[in-house]
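This report concerns only the one structure given below.
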Amino acid sequence: MSRLCSTEGLTDDQTEIVRAVRDYVEKKILPVATELEHADEYPQQIVDGLKELGLFGLMIPEEYGGLGESLLTYALCVEEIARGWMSVSGVINTHFIVAYMLMRHGTEEQKKKYLPKMATGEVRGSFSMSEPGLGSDVAAIKTKAARNEDGGYTINGQKMWLTNGGTSNLMAVLVRTDEGADSVYKNMTTFLVEKQVGFGETAPGLTIPGKIDKMGYKGVDTTEAVFDGYRTTADQILGGVPGNGFYHMMDGVEVGRVNVAARACGIALRAFELAISYAQQRETFGQKIAHHQAILFRLADMATKVEAAHAMMVKAARLKDKGQRNDVEAGMAKMLAAEYCNEVVEDSFRIHGGYGYSKEYEIERLYREAAFMLIGEGTSDIQKMIIGRSLLKDYQLQS
């Protein structure tokens with residue numbers, strides 16, 4: 001058992017949940033991850049197992065059929081899942097963010113309608129802010145919801161990078177409206193869009209094209225969403241009031257950054273495990289390479305980075321669970337974990353030597369997966385902007 005990323009300080013329930021997920025990863029995910037990833041095959045059996053474990057409703061309150069657990073518990077479970085196969089953590093990540101936004105900002109009617117079915121996985125969530133050509137510039141979105149004479153809305157535009165775009169049947173979509181305040185950030189609204197599972201026209205006026213072919217992050221479906229005359233009603237506005245969508249999404253992304261940090265921690269831990277195992281098997285110049293000083297020092301650096309990223313991620317999650325602001329800590333955790341993840345995976349790749357380039361070795365998969373951590377929920381440069389601006393406010397000089 002690894003001494004890294006310990007679960008010290010957890011309750012008995014938390015420890016039991018994390019242990020159950022770890023056992024599931026060992027028995028059901030790790031043995032098949034590389035094969036499924038290379039085939040870009042959706043892990044349906046694994047997902048069904050996650051439903052049975054209750055992970056789709058892990059943070060959903062008990063009154064709506066969930067387990068009512070904390071963000072920390074969820075993040076630690078994600079870390080374990082990503083250690084097995086990062087794509088599987090992506091299956092529950094966007095679902096979790098949509099459920100979180102509903103819990104925090106949904107009307108009581110919306111909570112009752114969706115959360116019980118989301119807790120069981122019957123309703124699966126996806127969300128999108130991004131669009132082709134704008135990336136992190138959320139203020140520049142062009143997809144628009146126009147008010148109809150009957151009080152409903154018609155949505156037109158194109159959204160990008162929807163994880164679970166094909167396998168979800170509930171989408172949270174940020175669009176521009178003519179309602180709200182003059183501020184560009186106050187005339188955006190999040191709509192809850194119901195659709196069929198699959199590709200093509202999944203609802204009248206909504207098309208989900210086929211999966212986007214990616215370098216890594218295989219298995220999970222990443223798609224676009226094209227709205228062309230999609231009609232919906234006012235009660236599908238998250239929270240019931242137009243103009244608050246940007247803030248709803250930012251709240252969701254904040255916990256999403258903790259989630260991505262946890263995923264990066266899981267990948268990094270697995271890369272370290274593979275490296276230290278291989279280093280104790282491979283021999284050069286008459287001894288195991290683990291005993292060469294260059295390798296020994298590299299392993300020490302890797303373990304330290306794994307532990308530091310894990311600690312930062314745990315801190316960010318604990319702050320959110322206490323009801324405190326964690327935008328800076330979440331940004332720091334996401335940035336640190338993503339950067340360290342790539343460095344640890346790179347070092348593991350180097351320790352594997354030529355074999356690391358072979359698809360027969362697991363590190364080849366991790367090498368491609370780690371790159372996505374630098375992008376998901378905002379690049380490191382975006383995190384630095386968020387962190388820096390907050391620090392200037394906190395440490396503003398008095399005139």
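Residue numbers (full-length UniProt numbering): 1 to 399. Using N, Cα and C, we set each Cβ at its ideal position, and we do this for glycine too. Since the structure is predicted, the reported quantities are computational estimates derived from the model, not experimental observations.
Excluding residues up to 5 positions away in sequence, H38 lie with their Cβ nearer than 7 Å to the Cβ of K359 in the same chain.
Buried is the label assigned to D347, since at least 16 other Cβ atoms lie within 10 Å of its Cβ. Straight through space, the alpha carbons of G165 and G49 are spaced by roughly 21 Å. Here the stretch 317-332 does not lie against the stretch 229-246, with fewer than 3 beta-carbon pairs under 8 Å apart. Per DSSP, S126 lies in no alpha helix (DSSP H); the unbroken beta strand (DSSP E) holding it starts and ends at G125 to S128. For M101, there is no enclosing beta strand (DSSP E); the enclosing alpha helix (DSSP H) covers residues M86 to H105.
Only residues of its own chain outside the window of five on either side were considered, and among them A279 and Q280 have a CB closer than 6 Å to the CB of A290, listed in chain order.
With a threshold of 16 other beta carbon atoms within 10 Å, P132 falls short and is exposed.
In the three-state DSSP reduction, L170 falls in the strand class (E or B).
Fully contained in the stretch 214-245 are the following beta strand (DSSP E) runs of length 3 or more, in chain order: 222-232. Under the three-state reduction of DSSP output, K211 falls in the coil class, being neither helix nor strand. Linking Y185 to L102 through their CA atoms gives a straight-line distance of about 20 Å.
In this structure, DSSP gives Q293 a helical state, which the three-state scheme calls helix.
Counting other Cβ atoms within 10 Å of its Cβ, D327 reaches 16 or more and is therefore classed as buried. Counting only residues of its own chain and dropping the five nearest sequence neighbours on each side, G245 has a CB closer than 6 Å to the CB of L174, M188, T189 and T190. Put simply, of Y100, R176 and D394 the residue whose alpha carbon is nearest the alpha carbon of M129 is R176.
M215 has its alpha-carbon roughly 29 Å from the corresponding atom of A203.
Of all alpha-carbon atoms in F96, I81, T120 and P31, the one lying nearest the alpha-carbon of R22 is that of I81. In this structure, I155 sits away from Y100, with a CB-CB distance that is not shorter than 8 Å.
Secondary structure within the stretch 316-355: the alpha helix (DSSP H) runs of 4 or more consecutive residues, fully enclosed, are 327-352 (chain order). Distances from the alpha-carbon of A264 to those of L134, S277, T284 and Y217 put Y217 closest. For I208 and R282, the gap between their C-alpha atoms comes out near 47 Å.
Of D235, R368, M249 and Y24, the smallest CA-CA separation from G151 is found for D235. Taking the C-beta atoms as reference points, G90 is found no nearer than 8 Å to T15.
In the DSSP assignment, G157 falls within the unbroken beta strand (DSSP E) covering Y153 to T163. With fewer than 16 neighbouring CB atoms inside 10 Å of its own CB, E41 falls in the exposed class.
The stretch 70-84 and the stretch 252-264 touch, with no fewer than 3 CB-CB distances between them shorter than 8 Å. CA-to-CA, the gap between I29 and S168 works out to about 21 Å.
In the three-state reduction of the DSSP assignment, E283 falls in the strand class, which pools E and B. Around the CB of S277, fewer than 16 other CB atoms lie within 10 Å, so the residue is classed as exposed. Of the other Cβ atoms in all chains shown, fewer than 16 fall within 10 Å of the Cβ of D13; this residue is therefore exposed. One alpha carbon belongs to N148, the other to I382, and they sit about 37 Å apart. Note that the stretch 327-342 touches the stretch 382-394; at least 3 beta-carbon pairs, one per stretch, sit closer than 8 Å. Burial check for S87: the Cβ neighbour count within 10 Å reaches 16 or more, so the residue is buried. 8 Å or more divides the Cβ of A268 from the Cβ of A300. Comparing alpha carbon positions, the residue from P31, Y74, Q44 and G121 closest to L10 is Y74.
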